[in-house]
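Residue numbers (the numbering used here), protein chains in the order written: chain A, -7 to 425; chain B, 236 to 372. For every residue, glycine included, the Cβ atom is placed at its ideal position computed from N, Cα and C. Read through the structure below, which is laid out as C-alpha cells, and then see the notes.
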C-alpha cells in the first residue's frame, strides 16, 4: 500500500494504491493517524486504486473516522471500487462512511456543508446502481408504519359496500392513496368513489361520475376540514427513515417505476437486515413519461360484474379500466405516494392481497401500488432534503394537470424520495359517521 | 478430476501474502473470476490472521497447510492447523447496525467469510483443526 497526500485548501486528499488488508493494516493506520496528529481534520481518501479490502482494512478506516470525528472533522471515501464497496455493504459500513463516486464530489460536499450548515455536517452516501446515481440521507431511526382501512380486493371485484366505507378527516392524514370520495356523508358520494390521494394537506380525487375530471382541494384552516370516505385506503406518516435522491444517468430513458422500487428494496435489505419487505414512498420527481390506469365506474357492489370475475378479467377490463397506451405527461413534475412489496417478503398472502393487486400470472415481480398527481414542470428545489416543504410548495403553487394510478413502466429522470421501511401495518376499522 | 494445489506456511502474518499470491496464480491458471479469487483472499486473510494472532499459546513455529481444489462448479479451500480449536459457527455475530461510536471490528472477519462463502465447515480431530470453505461460481 502506498499513499500520496495532497492538500487542497483545508481538505487533505490521500491517494491510496494497493490492497488494504491485514498484511499492511498497521502500517497504513500509522501513516493516516500521523496525518491527523499533524493537523488534518478533513480527509478525502481516493480509493480508485484500492481493489481489495478485508476486515483489517475496515479497521484502519474506522479508527481514522473515530479519531477525526472527535475533532469535528470527517473522512470521506471517493472512487470506491465494486469489490471493496461490496465488503463495506455486507459489513454494514455504508451508514458509517460517506461515499462519493469522485474526489470532486467529495470535495464539493465539504464546501457545501461549510456554506449551508455552518459546522454541522450533512452526511449522505452516494453510489451508482441501475443506471442512476443515488444519494441517501439517513433520517429517522424510529420504526415506521402504514395505516390501512378497507381491502384492495373489494375494489378489484367491485364489491365495495356502504358498510365497508371508512370515514376520516383530511387533517388526520399526511400522505395516502386509495379508493374513495369526498363528501359530507357516505350516502352523497358513495356511488362516485374513485381513485384518490392525499399530499401534505391536499386531497386529489377522480370521481367516477363519467367526466374523469379530478377534484383538487386544499382546505384553509380547521373549519374548512374535509371528510374523506374510503373503501380502501393506505396512509403514510412523514417520519421517513431515509430521504433518497436519484438521477438517471441515461438521459434518454429515465428510470422506470419498477426499477426504482427494485433498487429501493435492494437499499432496504442493505441498510435494514430485519427489513419486512414492505416500503412506503413519497416522491417528488421529474417525469420522463407517465403510463397510467384509471377506473371508469364506481367499484361498488351494485355495479359488480355479472360474471363474478374481477374488474381486470379480460371480459370486464374494457368496461372498467382506462389504460394509457401512449406515454403521457412527458416532461412534467410528479408527486407520488406508493407502497411496494419485495418478492422476498414473508408477509402473509391475505395481507398482501388486501393492499396490492396480485396478478397470479406474473410471479417473482415486485408488487407496487402508487398514485401520482402531475403538475406542469417545476425545476427541483435547491434543498432536496426538505421534501415536505417542497411538496407543499408544489401543491400550493404548481399548475395541476391530472392524477393517475401509476403503471410500473412509467419513467422518471430524477427525484427525491421519502422512504419508510414499514415495520407495522395498522388496520383501521370502518366507522360510521 | 479435481485440480488441486497445496500451500504450506508458517505462523507469521507476512506469510498470508504468499498464500494469496498462490491463490491468484491458481485462479489465473484455471480461469477463475476476480470475484472468486478476492473472496478466497478475504477468507484466507481473515482466518489466517485469527489463527496466527490468537491461536497459539507458545511462541514456537507452527505449520499451517492450505489445500485448494477446483471441483465441478466450485472452488474449495481447506485450512489445517494445530492451533487452539475455534469453530467459526460459534463466533458471536457482530451488530452491523450500531452507530459509529459503538461500532467494533471484532467478529467482522468471520461474518464476512460466512457471507462470501457458500459452505463453511469446521472439524477438530486429534489436535488438528480442519476448516473447509466452498464457493460456487
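Subject >> From 379(A), 418(A), 33(A) and 410(A), residue whose alpha carbon lies closest to that of residue 102(A) >> reply: It is 33(A) whose Cα lies nearest to the Cα of residue 102(A).
Subject >> Closest Cα partner of residue 340(B) within the set 351(B), 272(B), 328(B) and 349(B) >> reply: The shortest Cα separation from residue 340(B) among 351(B), 272(B), 328(B) and 349(B) belongs to 328(B).
Original post:
Would residue 249(B) be called buried (16 or more neighbouring beta carbons within 10 Å of its own) or exposed?
Top reply: Exposed: under 16 other Cβ atoms inside 10 Å.
Subject >> Within chain B, the residues that residue 48(A) reaches when beta carbons sit closer than 9 Å >> reply: The CB of residue 48(A) comes closer than 9 Å to the CB of 280, 281, 284, 340 and 344 in chain B, given here in chain order.
Original post:
residue 246(B) by DSSP, collapsed to three states: which one?
Top reply: Per DSSP, reduced to three states, the secondary structure at residue 246(B) is coil, with no helix or strand assignment.
Original post:
Does any residue of chain A bring its CB to less than 7 Å from the CB of residue 181(B)?
Top reply: With chain B covering only 236 through 372, there is no way to say anything about residue 181(B).
**OP:** Tell me, please, whether the CB atom of residue 15(A) is closer than 7 Å to any CB atom in chain B?
**Re:** It does; some Cβ of chain B falls within 7 Å.
**OP:** Output the distance between the C-alpha atoms of residue 144(A) and residue 331(B), rounded to the nearest integer angstrom.
**Re:** When rounded, the distance between both Cα atoms is 37 Å.
Original post:
Among 286(A), 167(A), 254(A) and 309(A), which has the Cα closest to the Cα of residue 139(A)?
Top reply: For the residues 286(A), 167(A), 254(A) and 309(A), the minimum Cα distance to residue 139(A) belongs to 167(A).
Original post:
Under the DSSP definition of a beta bridge, which residues are partnered with residue 41(A)?
Top reply: Answer is 9(A), bridged to residue 41(A).
Original post:
Taking just the CA atoms, how far does residue 169(A) sit from residue 285(A)?
Top reply: Residue 285(A) and residue 169(A) have their C-alpha atoms roughly 14 Å apart.
Subject >> 8 Å contact criterion, which residue 2(A) and residue 95(A) should meet: CB distance rounded >> reply: Between residue 2(A) and residue 95(A) a beta carbon distance of about 15 Å is seen, past the 8 Å cut, so the two are scored as non-contacting.
**OP:** Output the distance between the C-alpha atoms of residue 350(A) and residue 309(A), rounded to the nearest integer angstrom.
**Re:** Each residue's alpha carbon lies about 15 Å from the other.
**OP:** Please compile the residues from chain B whose C-beta is within a distance smaller than 7 Å of the C-beta of residue 218(A).
**Re:** What residue 218(A) touches in chain B, judged by beta-carbon distance under 7 Å, is nothing: the nearest beta carbon there is about 41 Å away.
**OP:** Starting from residue 292(A), follow its DSSP beta bridges and name the residues at the other end.
**Re:** Per the DSSP secondary-structure output, residue 292(A) pairs in a beta bridge with 152(A).
Subject >> CB contact check: residue 88(A) to chain B, cutoff 7 Å >> reply: It does: the Cβ of residue 88(A) has a partner Cβ on chain B nearer than 7 Å.
**OP:** Determine which residues of the segment 68 to 84 of chain A have a Cβ less than 7 Å from any Cβ of chain B, and write them out in chain order.
**Re:** Correct list: 75, 79, 82, 83 and 84.
Original post:
How many whole angstroms separate the CB atoms of residue 371(B) and residue 308(B), which I take to be in contact at a CB cut-off of 8 Å?
Top reply: Contact holds; Cβ gap of about 6 Å.
Original post:
residue 337(A) to residue 267(A), Cα distance in whole Å?
Top reply: In a straight line, the C-alpha of residue 337(A) is about 9 Å away from that of residue 267(A).
**OP:** Check the Cβ-Cβ distances between residue 413(A) and every residue of chain B, and say whether any is below 7 Å.
**Re:** No, residue 413(A) lies away from the interface with chain B (no Cβ there is under 7 Å from its Cβ).
Original post:
Is there at least one Cβ from chain B nearer than 7 Å to residue 10(A)'s Cβ?
Top reply: Chain B contact via Cβ: absent.
Original post:
How would you call residue 421(A), buried or exposed, if buried means at least 16 neighbouring beta carbons within 10 angstroms?
Top reply: By the neighbour-count rule (16 or more Cβ atoms within 10 Å), residue 421(A) is not buried but exposed.
Original post:
So what does DSSP say about residue 342(B), is it helix, strand or coil?
Top reply: In the structure shown, residue 342(B) sits in coil (DSSP, three-state: anything other than H, G, I, E or B).
Original post:
Can you name the start and end residues of the beta strand (DSSP E) that residue 262(A) belongs to?
Top reply: Run containing residue 262(A): none in the beta strand (DSSP E); it sits in the alpha helix (DSSP H), 249 to 263.
Original post:
Could you give the distance in angstroms between the alpha-carbon of residue 294(A) and the alpha-carbon of residue 175(A)?
Top reply: Residue 294(A) and residue 175(A) have their C-alpha atoms spaced approximately 20 Å apart.
Subject >> Rounded C-alpha distance that separates residue 233(A) from residue 133(A) >> reply: Here the alpha carbon of residue 233(A) sits roughly 6 Å from the alpha carbon of residue 133(A).
**OP:** Classify residue 111(A) as buried or exposed, calling it buried when 16 or more other Cβ atoms lie within 10 Å of its own Cβ.
**Re:** Reliability of the predicted coordinates at residue 111(A) is poor, the pLDDT of 38 falling under 50, and no value is obtained from them.
Original post:
Does any heavy atom of the ligand NAP sit closer than 6 Å to the C-beta of residue 259(A)?
Top reply: In terms of ligand content, the structure shown is empty, and the ligand NAP therefore cannot be addressed.
**OP:** Please decide whether residue 331(B) counts as near chain A, where near means a Cβ-Cβ distance under 7 Å.
**Re:** Contact with chain A is found for residue 331(B), since one of that chain's Cβ atoms lies less than 7 Å from the residue's Cβ.
Original post:
When the distance is taken between beta carbons, is residue 226(A) closer than 7 Å to residue 410(A)?
Top reply: Contact flag unset, no.
**OP:** Figure out for me which residue from 301(A), 300(A), 314(A) and 386(A) has the closest Cα to the Cα of residue 328(A).
**Re:** Nearest C-alpha to residue 328(A): 386(A).
Subject >> Distance between residue 185(A) and residue 440(A) (C-alpha atoms, nearest Å) >> reply: No answer is possible for residue 440(A): it lies beyond the span of chain A, which begins at -7 and ends at 425.
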